[in-house]
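Engineer: So the sequence shown is numbered by our numbering: it starts at 18 and just counts up by one. Every residue gets a Cβ at the ideal spot worked out from N, C-alpha and C, and that includes glycine.
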Amino acid sequence: MGTLVGHVAPGVGFLVIGLWHLFNHIRLYAVRPGSYRARPWFPAPLARYLEPALIIAGSLASIAMELFIGPEAHQPFDSDGSIPSNHLHNFEHASISLSLLLYAAFAIHLDRDRNRRRSSTTTTTHGAARSLARDALTLLLAAAALAQELLIFHLHSADHMGVEGQYHWLLQCVVAVSLATTLLGIAHPASFAVAFVRSVSLVLQGVWFVAMGVMLWTPSLIPKGCFLNYEEGHHVVRCRDPDALGRAKSLVNLQFSWYVSATAVFAVAAFLFITKLYPEEPDYVPLVKAADEDDDDLEAQKLAESQSFARMRDGMKPIELER
18 MGTLVGHVAP
28 GVGFLVIGLW
38 HLFNHIRLYA
48 VRPGSYRARP
58 WFPAPLARYL
68 EPALIIAGSL
78 ASIAMELFIG
88 PEAHQPFDSD
98 GSIPSNHLHN
108 FEHASISLSL
118 LLYAAFAIHL
128 DRDRNRRRSS
138 TTTTTHGAAR
148 SLARDALTLL
158 LAAAALAQEL
168 LIFHLHSADH
178 MGVEGQYHWL
188 LQCVVAVSLA
198 TTLLGIAHPA
208 SFAVAFVRSV
218 SLVLQGVWFV
228 AMGVMLWTPS
238 LIPKGCFLNY
248 EEGHHVVRCR
258 DPDALGRAKS
268 LVNLQFSWYV
278 SATAVFAVAA
288 FLFITKLYPE
298 EPDYVPLVKA
308 ADEDDDDLEA
318 QKLAESQSFA
328 RMRDGMKPIE
338 LER
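(1) Answer with buried or exposed for Gly-30, where buried requires no fewer than 16 other C-beta atoms within 10 angstroms of its C-beta.
(2) Considering only the alpha carbon of each residue, which of Arg-257, Leu-188 and Pro-296 lies closest to Leu-168?
(3) By the DSSP assignment, the beta strand (DSSP E) with Arg-255 in it spans what residues?
(4) Tell me the rounded alpha-carbon separation between Leu-77 and Leu-36.
(5) Between the region 121-128 and the region 60-69, can you find at least three pairs of beta-carbon atoms closer than 8 Å?
(6) Under 7 Å between the Cβ atoms of Tyr-184 and Met-229?
(7) Label Asn-246 either buried or exposed according to how many other C-beta atoms from any shown protein chain fall within 10 Å of its C-beta, with 16 as the threshold for buried.
(8) Pull up the CB-CB distance for Ile-100 and Pro-93, whole angstroms please, since I reckon it's below 8 Å.
(9) Does Glu-248 come out as helix, strand or coil in the three-state DSSP assignment?
(10) Looking at His-110: is its Cβ nearer than 7 Å to the Cβ of Glu-83?
(11) Which term fits Leu-262, buried or exposed, when burial requires 16 or more other beta carbons within 10 angstroms of its beta carbon?
(12) Short of 7 Å in beta carbon distance, which residues of its chain neighbour Leu-157, apart from the five on each side in sequence? Order them along the chain.
(13) Look at Phe-285 and Val-25 and say whether their C-beta atoms are less than 7 Å apart.
(14) Can you grab the Cα-Cα spacing for the pair Ser-52 / Glu-298, in whole Å?
(15) Whose CA, out of Val-211, Ala-212 and Ala-164, lies closest to the CA of Cys-190?
(16) Which two residues bound the contiguous alpha helix (DSSP H) that contains Ser-218?
(17) Just the C-alpha distance for Ala-74 and Ala-210, rounded to the nearest angstrom, thanks.
(18) Note down the Cα distance separating Val-224 from Cys-243, rounded to an integer number of angstroms.
(19) For the alpha helix (DSSP H) that Phe-283 lies in, which residues bound it at each end?
(20) Quick one: give me the first and last residue of the alpha helix (DSSP H) that Gln-189 is part of.
(21) I'd like to know whether the C-beta atoms of Ser-216 and His-38 end up nearer to each other than 7 Å.
(22) Is Thr-292 closer than 7 Å to Ala-47 when the C-beta atoms are compared?
(23) Start and end of the alpha helix (DSSP H) containing Glu-68?
(24) By Cβ distance below 7 Å, which residues in the same chain neighbour Ala-61 in space, the five residues on each side in sequence not counted?
(25) Does the Cβ of Arg-131 have 16 or more other Cβ atoms within 10 Å, making it buried, or fewer, making it exposed?
(26) Rounded to whole angstroms, what's the CA-CA distance from Val-214 to Pro-57? Just pull it up for me.
(27) Among Leu-172, Glu-181 and Gln-222, whose alpha-carbon lies nearest the alpha-carbon of Val-192?
(28) In chain order, what residues of the same chain have a beta carbon less than 7 Å from the beta carbon of Leu-117, not counting five sequence neighbours either side?
(29) Answer with buried or exposed for Glu-181, where buried requires no fewer than 16 other C-beta atoms within 10 angstroms of its C-beta.
(30) So which of Val-220, His-91 and Arg-133 has the shortest CA-CA distance to Ala-287?
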């Protein structure tokens, strides 16, 4: 990952997934705000598992690049089978990709299991509860992947003190927001605000990855007083004196502030545009619904209705006893 392509490629991946989630969450909320329930991922129109499949493909490509294509010997181990110190960061990056791969693979498996059970049995309250549990489990797997990403970047074997370390520290702030909102989404699946912030944080994470790759490995964009130095198999930005380093870090902070502001403006503009594009539908449950996207919402609504009926029934029992 310690190259321009190694940062831009995953950045584009996070950006695409974040934009896809942002669009779909806003669309679902605009169409049915009263019965909105966030999904952990969204099926594509022509290929249901396109989103997790792209995550798996990107993760496999990243692992191959880090461990087999990038190293000069096309394998990451030393002659005695140990991991050399200059390849530790390759294993760290590959571990992040592996956690994302596992999340996407289990997301597909859980969805297929849901569809298989749905086709073999009729929809019941217990089936709706199991559907909600699968969504929660999928979000938990996503949270585990984000937690591993946050931990590895926090304990990264690469430089923490230089300009690259400042980029990584600010990246951790964005990943922490993604992790927190993913965990909150488990407890509050009907909260649009939680899903909205999570989607925006994924967009910002992708934008920051791309900015990091371009700014750190484009010689003409290196801050004044700093230079690219080849160390342990990859280029690192070094500064000639503490003043140049402090100035470079301040510029990184300014960039991050501008990107946060621009992302916030974009997110609000997207919300206003998409809600205007998709007007609210009447609040009723149609007899025929699309199998791929709407069955889960119907199950959730049935579960909510059954819980409401149970509360009404419990409230009527004392009145009946008095009679």
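Structural biologist: Inspection of the coordinates gives the following:
(1) buried
(2) Leu-188
(3) 251-256
(4) 22 Å
(5) yes
(6) yes
(7) Classification of Asn-246: exposed, given that the 10 Å Cβ count is below 16.
(8) 7 Å
(9) strand
(10) yes
(11) Taking a 10 Å sphere around the C-beta of Leu-262, we find 16 or more other C-beta atoms and assign the residue as buried.
(12) Ile-203
(13) Correcting the residue type first, residue 285 is Val in the shown sequence and not Phe. Val-285 places its beta carbon 7 Å or farther from that of Val-25.
(14) 11 Å
(15) Ala-164
(16) 209-233
(17) 30 Å
(18) 23 Å
(19) 259-294
(20) Per DSSP, the continuous alpha helix (DSSP H) segment holding Gln-189 begins and ends at 180-204.
(21) Their beta carbons are under 7 Å apart, which means Ser-216 touches His-38 by this criterion.
(22) yes
(23) 67-81
(24) Leu-67 and Glu-68
(25) buried
(26) 14 Å
(27) Gln-222
(28) Ile-72, Ser-76 and Ala-162
(29) Of the residues assessed, Glu-181 falls on the buried side of the cut-off, its CB having 16 or more other CB atoms within 10 angstroms.
(30) Cα-wise, what sits closest to Ala-287 is Val-220.
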